[in-house]
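These notes are about the structure you will find just below.
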Amino acid sequence: MSKDLTRGPILKTILSLSIPMTWGMLSVIAFNIADTYFIGQLGITELAAISLTFPVVMIFFSLALGTATAVSSVVSRSLGEDDLDRVRRYTSDGLTFGLLIVIVSIVVGLQLIDPVFKVLGATEETLPIVRSYMEVWLPGMVFLTVPMAGNGAIRAAGEMKIASTIMFVAAITNIILDPIFIFGWSFIPAYGVKGAAIATVIARAVTLIASLYYLHFKFRMIDWRIPRFAEALSSWKKIIHIAIPTAGTNLLSPLAIAVATGIVARFGKAEIAAYGVVNRIESFSLIYIYALSSALAPLVGQNYGAKQFDRVQQIMKSSYFLSFVWCLAIALLLALFRFEIIEIFNPAKDVIEVGGKYLLWVPVTFAFLSVRLMISSFYNAIGKPGMSVILGTLHLIIIFIPAVSLGGAFFEIEGVIGAHFLTNLLIGVFSWIIITSQLKKKVLLK
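Mind the numbering: the sequence shown is residues 221 to 666 in my numbering, read in order.
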């Protein structure tokens, strides 16, 4: 049914899971870049309209990602316990839970398109474009949430290559279909921004078909019988216990960046341009760290379920080692070539100077940030998302937002850079102290 992650060399196993996941995450980036690029060819108004959809799409995406994380957690622990009936039950109920989220989201979302986007700043010119996009995208959520839940189960089984391949095929499908539906081709009319939504829905439909195929035919992880309501409700409670906190934590990051961007925007065009560039560079630089934290979940989950607690601790130590090696290499690379890298995105001298300061100092603390990400993944994997929420809130709400507000007020862009540096440093240390103290007290490994 799945790979047994409770045996074998730990470092080799982590690499075999995290490297394919990196390619999967790069596929997601390519998916989004394609939409932005082709819509940008239509004009500034269309690009502005699609930009307005980002916060709302992020909310729904966070719900889907939270569901996938929850399914991965409960399924991986059940696999570790060798309880195959429960594996099938959690997988099946995870898919139906995703479907319930979709139904509620469609009903509520379609009713609130105009009022929500007016609050977000949509004008008479951009609102019709936004509406045409969301009226297709929202019903297509069934092809986002359900396959993401399915992919969570596939990852729990340790099949990262299959999960990543599904993501890659979706990205390629979207890249091919985007220009066809946006600009028209042969008998297909030009749908404009609406065409991007159509292409996205079709590409996501491919992931639904693929995930259901693998779950049913290859892994036999779906139980097609209709469960008793009490049985399904019990599964949903366990999924909700992880899904909602995870979704909420996922939303904190764009909120914090939005606050910081608003502060930087007061300093001038060069500063805001540089800040936008370095945020993209940072996200791309940490792609392996995000993949590693994602790969950690099934590995920790299966071993925790099998009560191999010593192996769980060794897994965490190995993840710290790999993340430190990656982050130190990235920090060195960005420091040495910071000006050349910034110039690729924007040749303006002021932008290069500001961006160069960020890339010289902040990447030094990436290793500390990676500790927080590994530990959050650990807590979600063992079914204790509350600690992950605490770390996320401490990181972004309690430390970062006050630090960036004060730093920006007193030292402008240098203060913002300092806030990033200080926040990464502190959250890494705090995360380490918290998990170390709990492990010593044997609060977690029981």
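Positions of the beta carbon are idealized from the N, C-alpha and C atoms, including for glycine. A quick note: this is a predicted structure, and the numbers were derived from the prediction, not measured.
Asked: Which runs of the alpha helix (DSSP H) spanning at least 4 residues fall entirely within the segment 475-507, listed in chain order?; Found: 489-505
Asked: I'd like the ranges of any alpha helix (DSSP H) spanning at least 4 consecutive residues and lying wholly in the segment 374-409.; Found: 380-403
Asked: Let me know if L626 comes out buried or exposed under the rule of 16 or more other beta-carbons within 10 Å of its beta-carbon.; Found: exposed
Asked: So, with DSSP's three-state summary, where would you put G360?; Found: helix
Asked: Measuring alpha carbon to alpha carbon, tell me which of Q522, Y578, S590, V574 ends up nearest V545.; Found: S590
Asked: Between the segment 481-496 and the segment 568-580, can you find at least three pairs of beta-carbon atoms closer than 8 Å?; Found: yes
Asked: Can you grab the Cα-Cα spacing for the pair P399 / F407, in whole Å?; Found: 14 Å
Asked: Given this structure, state the Cα-to-Cα distance separating T643 from H615, to the nearest angstrom.; Found: 7 Å
Asked: Flag this pair as touching only if the segment 439-446 and the segment 311-318 have three or more C-beta atom pairs under 8 Å; answer yes or no.; Found: yes
Asked: Let me check understanding here. Comparing Cα to Cα, which of S505, F403, T365 lies closest to V582?; Found: S505
Asked: Could you check where the alpha helix (DSSP H) with K414 kicks off and where it finishes?; Found: 413-433
Asked: Following the continuous alpha helix (DSSP H) through E266, name the residue where it begins and the one where it ends.; Found: 264-272
Asked: Helix, strand or coil for E345 per DSSP?; Found: coil
Asked: Just the Cα atoms here: how many angstroms apart are I595 and P348?; Found: 43 Å
Asked: Exposed or buried, what is T365 when buried is set at 16 or more other beta-carbons lying within 10 Å of its beta-carbon?; Found: buried
Asked: In chain order, what residues of the same chain lie with their CB nearer than 7 Å to the CB of I617, ignoring the 5 residues before and after it?; Found: L472
Asked: Figure out for me which residue from G378, I382, I653 has the closest Cα to the Cα of K223.; Found: G378
Asked: Going along the chain, which residues of its own chain have a beta-carbon closer than 7 Å to the beta-carbon of I550, five neighbours each way excluded?; Found: S505, P583, F586
Asked: Can you tell me whether DSSP reads A511 as helix, strand or coil?; Found: helix
Asked: How long is the line joining the alpha carbons of V426 and I264, rounded to whole angstroms?; Found: 31 Å
Asked: Is DSSP giving A568 helix, strand or coil here?; Found: coil
Asked: Identify whether E634 lies in helix, strand or coil by the three-state DSSP scheme.; Found: helix
Asked: Compute the beta-carbon to beta-carbon distance between I402 and I259, rounded to the nearest angstrom, for a pair I have assumed lies under 8 Å.; Found: 7 Å
Asked: Since G370 and L432 are thought to touch, with beta carbons under 8 Å apart, how far apart are those beta carbons, to the nearest angstrom?; Found: 6 Å
Asked: Grab me the residues of A376's own chain with a C-beta within less than 6 Å of its C-beta, minus the 5 sequence neighbours each way, in chain order.; Found: S292, V295, S296, P518
Asked: Are the CB atoms of V350 and A269 nearer to each other than 8 Å?; Found: yes
Asked: Does the distance from the CB of T226 to the CB of A526 come in under 8 Å?; Found: yes
Asked: Below 6 Å CB to CB, which residues in the same chain sit around I647 once its five sequence neighbours on both sides are set aside?; Found: R592, H615
Asked: From this set, A410, T385, G482, which residue's C-alpha is nearest Y434's C-alpha?; Found: T385
Asked: Secondary structure at W243, three-state DSSP: helix, strand or coil?; Found: helix
Asked: Does the separation of the CB atoms of V520 and F598 fall below 8 Å?; Found: yes
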